[in-house]
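With the numbering used here applied, the sequence shown corresponds to residues -17 to 319, in that order. The structure under discussion appears below in the form of structure tokens.
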Amino acid sequence: MAHPFTPLRSWLPVLAGLLALLAGCTTPKPGALLKRQGDEIIVAGQLFHTGTRVVTWLDPSGYDAYRTERRFAPFDQSSWATSTVAVAALITPSRYGLRKDGLTDAQVERVRGGGWDLPLLREKVDQFVLHFDATGTSRQCFKVLHDHRCLSVHFMLDLDGTIYQTLDLKERAWHATTSNTRSIGIEIANIGAFAPGQQRMFEEWYQRDDSGWPRVVVPARLGESGIFTPNFVARPARKELVLGPVQGRQLQQYDFTPEQYAALTRLTATLCKVFPNIRCDYPKDAAGQLITRKLPDNELNQFRGILGHYHIQANKVDPGPAFQWERVISDAKKLLR
């Protein structure tokens, strides 16, 4: 016996009900928590995964460069009005600015209130600048930059590999003079590089234990270390001081920690992916070797990629002779394949 034909229109109410049900399943409920994974950086208000721990200025234990008060002053003495009297270097409430160089008047009006879109930001950012913080820990770095020097940086990388983001990358952080408008900056925790014979800082910050390998010991005078990982023991990636040339001078420095290299590699790969104009490479001479001095102005203007503070300013030596450029760049390129 033939089955009777059922007109399509008789199924329409059923289909409509199913579609409504599916829509209800995919639409978030009011008040539902959108959970982050803890590895995201913030770029023009959007979140991008890095695969390594990131603490933003929005998070507990974060460092907020948008604040006008001093972070580490006693609270009743931290306001902007009080701070301008206490610290002569604090000349403006904001420690950052607008990436306005190269923008049209119409574009300035569009972004001056924070309204950057990602395509425009990608056009303007083409350098990632590496610093050592010369303060030893990210907590101390933020204290010096924000509370005492009226400066800022997008990222800080602590001894345990924790990355702190203090500003959205749309902002013009104050960290690298002539490259501020076009760059993203990171301060990597490391006490710095010194001429041979200048041992005082190394003796204060490093001790050798029974293994014979040096470990970082934050001086008691600085108080709390602020290191995210409880009981973390920071050791340089290489056992001995590294001697090498920067700006034509021989300097020595303890290497960064393996945890810092691992985190920086992932952040570097992320930034090169998010910002296509940041080429995943560093300044090299005609023989393909690392350039260890300031780039001539015309070369700096043309350079797109990863560079050190010393490539921008002749009076700077960071990230120092111990920094393993090829390690970071080659490993970042592997992540990008």
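Every residue, glycine too, gets a C-beta built ideally from N, C-alpha and C. None of these values were measured; they are calculated from a predicted model.
Worksheet item: Under the DSSP definition of a beta bridge, which residues are partnered with residue 159?
Response: Residue 159 sits at position 177 when you count from the first residue of the sequence shown. According to DSSP, which records beta bridges pairwise, residue 159 is partnered with nothing at all.
Practice prompt. Grab the span of the beta strand (DSSP E) containing residue 111 for me, first residue to last.
Written response: For the purposes of this step, residue 111 is identified with residue 129 of the sequence shown, where counting begins at 1. Here the beta strand (DSSP E) through residue 111 covers 109 to 114.
Worksheet item: What do you reckon, is the C-beta of residue 116 under 6 Å from a heavy atom of the ligand ZN?
Response: The ligand ZN is not part of the structure shown, which contains no ligands of any sort.
Discussion item. Quick check on the DSSP output: the alpha helix (DSSP H) that includes residue 234 runs from which residue to which?
Written reply: In the sequence shown, residue 234 corresponds to position 252, counting from 1. It is not in any alpha helix (DSSP H) - residue 234 instead sits in the beta strand (DSSP E) that spans 231 to 235.
Discussion item. Buried or exposed, going by whether 16 or more other CB atoms sit within 10 Å of the CB of residue 59?
Written reply: Position 77 of the sequence shown, counting from 1, holds the residue named residue 59. Classification for residue 59: exposed.
Item to complete: Locate the alpha helix (DSSP H) running through residue 282, then write down its first and last residues.
Response: Position 300 of the sequence shown holds residue 282. Residues 279 to 284.
Practice prompt. Within the same chain, show all residues whose beta-carbon is closer than 7 Å to that of residue 191, passing over the 5 residues directly before and after it, in chain order.
Written response: For the purposes of this step, residue 191 is taken as the residue at position 209 of the sequence shown. Excluding sequence neighbours, residue 191 sits near 197.
Worksheet item: Between residue 300 and residue 113, is the Cβ-Cβ spacing less than 7 Å?
Response: As a working mapping, residue 300 is identified with position 318 in the sequence shown. As a working mapping, residue 113 is identified with position 131 in the sequence shown. In contact: residue 300 and residue 113 (Cβ atoms closer than 7 Å).
Fill in: Backbone CA spacing between residue 34 and residue 222 [nearest angstrom]
Locating residue 34 in the sequence shown gives position 52, counting from the first residue. Locating residue 222 in the sequence shown gives position 240, counting from the first residue. Taking the straight line from one Cα to the other gives about 27 Å.
Worksheet entry | Beta-carbon contacts of residue 178 that lie in its chain and below 6 Å, excluding the five residues immediately before and after | Start at 1 with the first residue of the sequence shown, and residue 178 comes out as number 196. Within the same chain, residue 178 has close Cβ partners 234.
Fill in: residue 266, buried or exposed, once every other Cβ within 10 Å from all chains shown has been counted against 16
Taking the sequence shown and counting its residues from 1, one reaches residue 266 at position 284. Classification for residue 266: exposed.
Worksheet item: If you run the structure through DSSP and keep just helix, strand and coil, what is residue 246?
Response: As a first step, residue 246 is located in the sequence shown; it is residue number 264 there, counting from the start. Of the three classes helix, strand and coil, the one that applies to residue 246 here is helix, per DSSP.
Item to complete: Work out the CA separation of residue 243 and residue 184 for me, nearest whole Å.
Response: Numbered from 1 along the sequence shown, position 202 holds the residue referred to as residue 184. Numbered from 1 along the sequence shown, position 261 holds the residue referred to as residue 243. Rounded to the nearest angstrom, the two C-alpha atoms are 20 Å apart.
Worksheet item: Are the CB atoms of residue 50 and residue 39 nearer to each other than 7 Å?
Response: Working through the sequence shown from its first residue, we reach residue 50 at position 68. Working through the sequence shown from its first residue, we reach residue 39 at position 57. No.
Worksheet item: What residues match up with residue 138 in a beta bridge as DSSP calls it?
Response: Translated into positions along the sequence shown, residue 138 becomes position 156. For residue 138, which the question treats as bridged, DSSP gives the partners 146 and 169.
Worksheet item: Where does residue 57 land, buried or exposed, given buried means 16+ other C-beta within 10 angstroms?
Response: Within the sequence shown, residue 57 is the residue found at index 75, counting from 1. Residue 57 comes out exposed.
Worksheet item: For residue 226, which beta-bridge partners are listed by DSSP?
Response: In the sequence shown, counting from the first residue as 1, residue 226 sits at position 244. According to DSSP, residue 226 bridges with 233.
Fill in: Best match in 55, 82 and 130 for proximity to residue 329 [C-alpha to C-alpha]
This structure does not reach residue 329, given that the chain is present from -17 up to 319, and the question cannot be answered.
Worksheet entry | Simplified DSSP assignment, three categories, for residue 89 | For the purposes of this step, residue 89 is taken as residue 107 along the sequence shown, with counting starting at 1. Correct three-state label for residue 89: helix.
Discussion item. Per the DSSP calculation, residue 22 is bridged to which residue(s)?
Written reply: In the sequence shown, the residue the question calls residue 22 occupies position 40. 31, per the DSSP bridge assignment.
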